[in-house]
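A.B. asks: Positions 4 to 443 (our numbering) are the ones given, in order, by the sequence shown. Glycine residues also receive a C-beta, built at the ideal position from the N, C-alpha and C atoms.
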Amino acid sequence: MTFVDSFKTAIKKGTDCGFLFRICLVALVGRIFFLIFLRDHLEVDTDAYLAHAQSLLDSGGYFKPGTEIPTSFRPPLVPLMYAGVLMLGGNVLMIGFLQVLLGTATVWYGGRAAWNLTNSAGGIFTALILAGDPILIYANVSLMTETLFTFLLAYGFFRATRISNSSKYREFFFLGCIGGLLALCRPGIWAFYLILFVGAFLLILKMKARQFCFLKGTTVGLGILLVVAPWGVRNYLTMGDPILMTTHGGYTLLLGNNNTFYEEVVRQPWGTIWQGDSLAAWQEQLEQDMIRDLGPERARLEIPRDHWMQNQAYDWISNNPAKFREASWLRLRRFWALKPNETPFENKLFDRGTTAVFGVIYLFAAWGIVMWFKYARGNLRQMTFVSALLVCMVSFCLIHTVYWSNMRMRAPVEVCLALLASGTVLKSIKLDSEIDPQTL
């Protein structure tokens, strides 16, 4: 009996969706445990998302915390979610519990998406991976974008697996709206959209029903733009520039592409962290250089600051190509690392366990990819979706090879890996005879 046969036999002992529900229940209980155990982490607002939420409530606008200066330094969706919890009388612990619910929903919708693509065994397998993924679990107790983003990504993939040639335009429009929310949560998704758009355009040119496919693709694009447009309009009215992303890109590009980072991190042994005192000194020097080049008034404005930092990073990259390659190699290794440089537990057993879990996830994802291309390459629907997953992974990997990178930023890729791992069950099923995803 093969691994897949044993796995399917185990699933048959439960009911289809009931088994998936029980996995989600275990995921919920486990995440609540970590929330209680690591609740102090919710007091750390590293990227000021909670501060932005409080500023929204205090001033009624999206301002730089503690001021009335309009900002687009951080994407707005997470602060809006946090502000909603605070407005209803909640606190950071309630925010953590909401993120636990979103994390559990990610397990559910990821499993359902894989189920639609393969069968119940594939769905259960994907859900198990998502339920035990350390990055996704830890994200629930962090005031960051990862939990909301991965939930929206899993839900978007689930909706995409339900779409067929007979789907109505509103299904495509709704999928686009989810895509817009993703862009308002983590703007790096735009790279995925760009590659996907080019690929879809080239594919449409080869298809007979070009007009039909073009209209549905345009409907998805309209959904994205409808959701993102208010953010761009707001930025134009308050800051004079229709920014669809953020003014944070220049800083994150320069953060990993400068001489101080190169000398104190890139050239040091693996695992070296940029120490707080050195980072603070670098940031202080950065402010002085900006004031010197831009003047005191313009150095206070986000858009000139963002452009200045981008130009500084571009100059460093062009003047130091060898150093840039070394720094990019470090960022790439950090992105795909099996063990984080910093962990909530100073425990070798925890580190080894985390390493083992990610090693297993990589192994099954690689096996799944091989199975997809071996058994499903004649199925256009499945292979289109698998290609989208691979493009999503590559786009985030490329971004964080150039921009700032650490293991946490791999969270969206973890959803893709779990879905790709569902391909391990393909040998035992016939894709042409699977249930219609519209009925699931």
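1. So Ser331 and Thr129 are in contact, right, with Cβ under 8 Å, and what is the actual spacing, rounded?
2. Considering only the alpha carbon of each residue, which of Gly159, Gly252 and Trp407 lies closest to Val269?
3. From the DSSP secondary-structure annotation, give me the bridge partner or partners of Pro73.
4. Mapping the DSSP letters down to three states, classify Thr129 as helix, strand or coil.
5. Ordered along the chain, which non-local residues of its own chain (more than five positions away) have a Cβ less than 6 Å from that of Thr255?
6. Using a Cβ distance threshold of 8 Å, determine whether the segment 83 to 90 contacts the segment 247 to 264, with at least three qualifying pairs required.
7. Would you check whether the ligand NAD has a heavy atom nearer than 7 Å to the C-beta of Leu156?
8. By the DSSP assignment, the alpha helix (DSSP H) with Tyr378 in it spans what residues?
9. For the alpha helix (DSSP H) containing Ile294, list its first residue and its last residue.
10. Going by beta carbon distance, what residues of the same chain come within less than 8 Å of Arg34, once the five residues before and after it are set aside?
11. In whole angstroms, what is the alpha-carbon distance linking Arg2 and Ile276?
12. In terms of alpha-carbon separation, which member of Gly99, Asn168 and Cys395 lies closest to Leu41?
13. Taking all protein chains shown into account, do 16 or more other C-beta atoms lie within 10 angstroms of the C-beta of Ile132, making it buried, or fewer, making it exposed?
14. Reducing DSSP to helix, strand and coil, say where Arg165 ends up.
15. Just verifying my parser: in three-state terms, what is the DSSP assignment at His251?
16. Nearest CA to the CA of Ser75: which residue from Ile306, Cys400 and Thr357?
17. How many Å lie between Leu59 and Tyr65 at the Cα?
18. How about Pro73 and Ala54: are their beta carbons less than 8 Å apart?
C.D. replies: According to the structure shown:
1. Residue 331 sits at position 328 when you count from the first residue of the sequence shown. Residue 129 sits at position 126 when you count from the first residue of the sequence shown. About 31 Å separates the two Cβ atoms, so there is no contact after all.
2. Stepping through the sequence shown from its first residue, residue 269 is reached at position 266. Here the closest residue by C-alpha is Trp407.
3. The sequence position of residue 73 within the sequence shown is 70, counting from 1. Per DSSP, Phe66.
4. Against the sequence shown, residue 129 aligns to sequence position 126. Helix, per DSSP.
5. If you number the sequence shown from 1, residue 255 lands on position 252. So the list reads Tyr406 and Trp407, once near-sequence residues are dropped.
6. No, they do not touch.
7. This structure lacks the ligand NAD; in fact it carries no ligand of any kind.
8. What you label residue 378 is simply residue 375 of the sequence shown in a count that begins at 1. Where Tyr378 is concerned, the enclosing alpha helix (DSSP H) starts and stops at Lys351 to Tyr378.
9. For the purposes of this step, residue 294 is taken as residue 291 along the sequence shown, with counting starting at 1. Element bounds for Ile294: Gly279 to Leu297.
10. By one-based count along the sequence shown, residue 34 stands at place 31. If we look at Arg34 and ignore the five residues flanking it on each side, its Cβ neighbours are Val103, Gly106, Thr107, Ile140 and Asn143.
11. Nothing in the structure corresponds to residue 2, since the chain is present only between 4 and 443.
12. Position 38 of the sequence shown holds residue 41. Residue Gly99 is the option with its Cα nearest to Leu41.
13. Here residue 132 refers to the residue found at position 129 when the sequence shown is read from its first residue. Note on Ile132: 16 or more other CB atoms within 10 angstroms of its CB, so buried under the neighbour-count rule.
14. Here residue 165 refers to the residue found at position 162 when the sequence shown is read from its first residue. Residue state for Arg165 is assigned as coil, using DSSP reduced to three classes.
15. For the purposes of this step, residue 251 is identified with residue 248 of the sequence shown, where counting begins at 1. His251 falls in the coil class under three-state DSSP.
16. For the purposes of this step, residue 75 is identified with residue 72 of the sequence shown, where counting begins at 1. Selected option, being the one with the closest Cα: Ile306.
17. Numbered from its first residue, the sequence shown carries residue 59 at position 56. Numbered from its first residue, the sequence shown carries residue 65 at position 62. Taking the straight line from one Cα to the other gives about 6 Å.
18. As a first step, residue 73 must be located in the sequence shown, where it is residue number 70. As a first step, residue 54 must be located in the sequence shown, where it is residue number 51. Contact: no.
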